[in-house]
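Chemist: Have a look at this one.
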Amino acid sequence: INEKITNRITQASIPTIVNFMKRYTALQEVNLSGIFLDSKNHADLTEGLCSLPSLTKLILRNCNIDHNGFRTIHDVFKITPSKLEVLDLEHNKLTHASIEQLCRTMANDHSSSCVLKHLNVSYNKIESEGLTTLIATIADRNKSRNGPRLEVLKCGSNPFGIHDAKKLPALVSVGLTELILVKTQMNGEIAVNIAAELRGKGGTITTLDLSRNDTIGTALTRQRQAGDISRDYPKEFFSFLDSGTYCNVTVLNLSHCALKESGNALAKALDNNSILSELNVSHNGLAHNGLLPDAWIDVLMKHRYLTNLNLSANGIKFEGLRKVFAALRNNKDTTMKVLKLSHNTFEDSTHNSKDLNDIMDFLQQNSSVQELHLCQMGMKDDILVKIGEGIAHNRGLRILRADSNNFTTRGVGDFSQYLPNNTTLQDLDLSSRDVQMSDDTYLQAYKMLIDNSNIERILL
Numbered sequence: 225i226n227e228k229i230t231n232r233i234t235q236a237s238i239p240t241i242v243n244f245m246k247r248y249t250a251l252q253e254v255n256l257s258g259i260f261l262d263s264k265n266h267a268d269l270t271e272g273l274c275s276l277p278s279l280t281k282l283i284l285r286n287c288n289i290d291h292n293g294f295r296t297i298h299d300v301f302k303i304t305p306s307k308l309e310v311l312d313l314e315h316n317k318l319t320h321a322s323i324e325q326l327c328r329t330m331a332n333d334h335s336s337s338c339v340l341k342h343l344n345v346s347y348n349k350i351e352s353e354g355l356t357t358l359i360a361t362i363a364d365r366n367k368s369r370n371g372p373r374l375e376v377l378k379c380g381s382n383p384f385g386i387h388d389a390k391k392l393p394a395l396v397s398v399g400l401t402e403l404i405l406v407k408t409q410m411n412g413e414i415a416v417n418i419a420a421e422l423r424g425k426g427g428t429i430t431t432l433d434l435s436r437n438d439t440i441g442t443a444l445t446r447q448r449q450a451g452d453i454s455r456d457y458p459k460e461f462f463s464f465l466d467s468g469t470y471c472n473v474t475v476l477n478l479s480h481c482a483l484k485e486s487g488n489a490l491a492k493a494l495d496n497n498s499i500l501s502e503l504n505v506s507h508n509g510l511a512h513n514g515l516l517p518d519a520w521i522d523v524l525m526k527h528r529y530l531t532n533l534n535l536s537a538n539g540i541k542f543e544g545l546r547k548v549f550a551a552l553r554n555n556k557d558t559t560m561k562v563l564k565l566s567h568n569t570f571e572d573s574t575h576n577s578k579d580l581n582d583i584m585d586f587l588q589q590n591s592s593v594q595e596l597h598l599c600q601m602g603m604k605d606d607i608l609v610k611i612g613e614g615i616a617h618n619r620g621l622r623i624l625r626a627d628s629n630n631f632t633t634r635g636v637g638d639f640s641q642y643l644p645n646n647t648t649l650q651d652l653d654l655s656s657r658d659v660q661m662s663d664d665t666y667l668q669a670y671k672m673l674i675d676n677s678n679i680e681r682i683l684l
C-alpha cells in the first residue's frame with residue numbers, strides 16, 4: 225500500500241484497508257502516511273496489521289499517533305515470528321513512554337518478538353527520558369553477536385534541550401550504520417564531541433545526517449587569546465574526516481548548517497579523505513561575493529573520490545559557476561556521478577558568449593557526471609544553447625534537471641538541434657513558465673525535442 229495511494233484516502237477508508245489486508249495476507253510493506261488516525265482507527269488498523277505474518281516494512285508518518293495509539297499499534301510485534309524490520313513513525317506525537325514501550329520489546333532478550341533494523345522517530349515529542357532509554361537499549365542490543373542489530377536510527381527534531389542534546393554523541397558508538405540527527409539543537413561543543421566519537425569509536429557509522437542544525441556553523445568558531453588562535457573548533461570538528469581516524473563515513477549531509485565561515489575547514493579536511501563519496505552542503509552560503517573559496521575549488525579540481533556532491537543554494541554567481549565548471553573540467557581523475565548546483569545564479573547582464581564556454585567545455589570533456597541539476601538559476605536561452613553544444617559531444621550524462629529557468633520555446637528549439645549527436649541522455653527537465661504559457665508553445669517545444677532525440681522522459 226504505497227504513498228501514491230495514501231495521498232487520496234482518509235481515515236474513512238480504514239475499514240476498507242483493513243479488509244484488504246485481511247484478504248491479501250502476503251503483504252510485506254504498508255505505507256499509510258498522512259491518514260489521521262483516532263482511537264478507534266488504531267484498534268482497527270492494528271487488527272489488520274496483525275493479519276500480515278510477512279510484514280517487513282510499516283510506514284505511518286504524520287498519522288496523529290500519540291502514546292495511546294502507539295500502545296495499540298505496538299501489538300504488531302505480537303506476530304510470531306516477527307519479520308518487521310522497518311518502522312517509520314516520523315511526524316507523530318510519540319513521547320518517552322512510547323519509546324520505553326518499544327525499547328522493552330527491543331530488549332526482550334533479543335527474541336523473535338523484534339527484529340527491527342530501521343527505526344524513524346523523528347519529529348515527535350520524545351523527551352530526555354526517552355532518549356536516554358533509547359541509547360542504552362540500542363547499545364545493549366547491538367553488542368550482542370547473535371541477536372538482530374538496529375542499523376538505522378532517525379531521531380531528530382524532538383524536544384531535546386541543549387542539556388539533552390549532550391547525550392547525542394553517545395549514539396555514534398552504539399553500533400549503528402546510519403545516524404540521522406536532523407534539527408536537534410546541537411551546539412558547537414556537541415558537534416565536536418560527535419566528531420571525537422567518530423574519530424575513535426565511530427567505525428560502524430557510514431551515513432551521517434546532521435542537516436538543519438544551523439547552530440553547528442554559528443558555534444564552530446576559532447577562539448583567540450591575545451590575538452592567537454587558542455582553539456580551532458571548525459578544524460577540530462571536521463578532523464573526523466581525516467584518513468588516519470577510525471571514521472568510515474561515506475555519506476555526509478550538512479545542508480542548512482550555516483557553514484559560511486567554517487566551510488573552509490571542511491574543504492581542507494577533504495584533502496586527506498579517500499572514503500567520503502557523497503556530500504551535501506547545500507543551503508550554507510559557502511560563496512563569498514559570489515565565489516567559492518579557493519579551498520573548495522581545489523576540492524573540485526583534485527578530489528578523486530567524491531561521487532555525489534550537492535552545492536545547491538550557496539550564493540554562487542556567474543563567475544563562481546564558471547570556476548566550478550573549469551575546475552571539474554580540469555580534474556581528469558574525478559569520479560563524480562551526481563552534481564547539484566541548483567538555486568545558485570547565472571544571472572549577469574555583462575557576460576558574452578565566450579564567458580559561457582566553461583560549461584560547454586565541461587560537458588564536452590567530462591564523461592563521469594551522469595546526473596546534473598541546474599534548476600532555478602536564472603539561465604536564459606544563450607546558456608541553454610551552450611549546454612546543448614556540450615551535450616552534443618557528451619557520452620556520460622543521463623539526467624539533466626534544469627527546470628524553473630528563463631528558457632523560451634525558441635531556446636528549446638535551438639537546444640534541440642544538438643541532441644541528434646547525443647546517445648546517452650535519458651531524462652530531461654526544461655520546465656519553464658514561458659514554454660508553458662500556452663498549449664501551442666508547449667507542444668511546439670515538445671515536438672522539437674521529440675523529433676531530435678531518443679530521450680525517454682521529457683518535462684517542459
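In terms of my numbering, the sequence shown is residues 225 to 684.
Positions of the beta carbon are idealized from the N, C-alpha and C atoms, including for glycine.
Output yes or no for whether 9 angstroms exceeds the beta carbon distance between M330 and T361.
Modeler: By one-based count along the sequence shown, residue 330 stands at place 106. By one-based count along the sequence shown, residue 361 stands at place 137. It is a contact, given that the beta carbons lie within the stated cut-off.
Chemist: Given the structure, does D557 come close to the ligand ZN, in the sense that its CB is under 8 angstroms from one of the ligand's heavy atoms?
Modeler: As for the ligand ZN, it is missing from this structure, which has no ligand bound.
Chemist: What does the alpha-carbon distance come out to for the pair G635 and V659?
Modeler: Looking up residue 635 in the sequence shown gives position 411. Looking up residue 659 in the sequence shown gives position 435. Near 10 angstroms, if we compare the C-alpha coordinates of V659 and G635.
Chemist: Which residue marks the beginning of the beta strand (DSSP E) containing V562, and which one marks its end?
Modeler: Within the sequence shown, the letter at position 338 stands for residue 562. Unbroken beta strand (DSSP E) run through V562: V562 to K564.
Chemist: Could you check what DSSP says for D605 in three-state terms: helix, strand or coil?
Modeler: Locating residue 605 in the sequence shown gives position 381, where the first residue counts as 1. Looking at D605 - three-state DSSP - the assignment turns out to be helix.
Chemist: Would I499 pass as a contact of C471 if the rule is Cβ separation under 9 angstroms?
Modeler: By one-based count along the sequence shown, residue 499 stands at place 275. By one-based count along the sequence shown, residue 471 stands at place 247. In contact: I499 and C471 (Cβ atoms closer than 9 angstroms).
Chemist: Use the C-beta contact count for M603: other C-beta atoms within 10 angstroms, 16 or more gives buried, fewer gives exposed.
Modeler: Sequence index remark: in the sequence shown, residue 603 carries index 379 (1-based). The residue in question, M603, is buried, as its Cβ has 16 or more Cβ neighbours within 10 Å.
Chemist: Under the DSSP definition of a beta bridge, which residues are partnered with I682?
Modeler: If you number the sequence shown from 1, residue 682 lands on position 458. Beta-bridge pairing links I682 to L652.
Chemist: How do the region 477 to 486 and the region 540 to 556 stand: do at least 3 beta-carbon pairs fall below 8 angstroms, yes or no?
Modeler: With a cut-off of 8 angstroms, the region 540 to 556 and the region 477 to 486 do not count as touching, because too few Cβ pairs lie within range.
Chemist: On the three-state DSSP scale, how would you describe E571?
Modeler: Looking up residue 571 in the sequence shown gives position 347. Three-state DSSP puts E571 in coil, outside helix and strand.
Chemist: So, for E613: in the same chain, excluding its five sequence neighbours on each side, which residues have a beta-carbon less than 7 angstroms away from its beta-carbon?
Modeler: Here residue 613 is taken as the residue at index 389 of the sequence shown, counted from 1. So the list reads M584 and Y642, once near-sequence residues are dropped.
Chemist: For the region 465 to 479 against the region 423 to 433, do three or more pairs of beta-carbon atoms, one drawn from each stretch, fall closer than 8 angstroms, so that the two count as touching?
Modeler: Result yes; three or more Cβ-Cβ pairs closer than 8 angstroms.
Chemist: Using the C-alpha atoms, what's the distance from S506 back to M661?
Modeler: As a first step, residue 661 is located in the sequence shown; it is residue number 437 there, counting from the start. As a first step, residue 506 is located in the sequence shown; it is residue number 282 there, counting from the start. Each residue's alpha carbon lies about 31 angstroms from the other.
Chemist: Along the chain, which unbroken stretches of the beta strand (DSSP E) at least 3 residues long are found entirely within the region 328 to 373?
Modeler: Qualifying beta strand (DSSP E) stretches, in chain order: 342 to 344.
Chemist: Along the alpha helix (DSSP H) that carries I521, what are the first and last residues, could you check?
Modeler: As a working mapping, residue 521 is identified with position 297 in the sequence shown. Counting along the chain, the alpha helix (DSSP H) containing I521 begins and ends at D518 to K526.
Chemist: Just to confirm before moving on: does the CB-CB distance between S566 and S536 stay below 9 angstroms?
Modeler: Numbered from its first residue, the sequence shown carries residue 566 at position 342. Numbered from its first residue, the sequence shown carries residue 536 at position 312. Yes, they are a contact pair.
Chemist: Go to L552, then tell me how far its alpha helix (DSSP H) extends in each direction, as first and last residue.
Modeler: Your numbering for residue 552 matches position 328 in the sequence shown. F542 to N554 is the span of the alpha helix (DSSP H), which, as asked, contains L552.
Chemist: State the Cα-Cα distance for the pair D630 and I674, rounded to the nearest angstrom.
Modeler: Taking the sequence shown and counting its residues from 1, the one referred to as residue 630 is at position 406. Taking the sequence shown and counting its residues from 1, the one referred to as residue 674 is at position 450. What sits at residue 630 in the sequence shown is Asn, not Asp. In a straight line, the C-alpha of N630 is about 21 angstroms away from that of I674.
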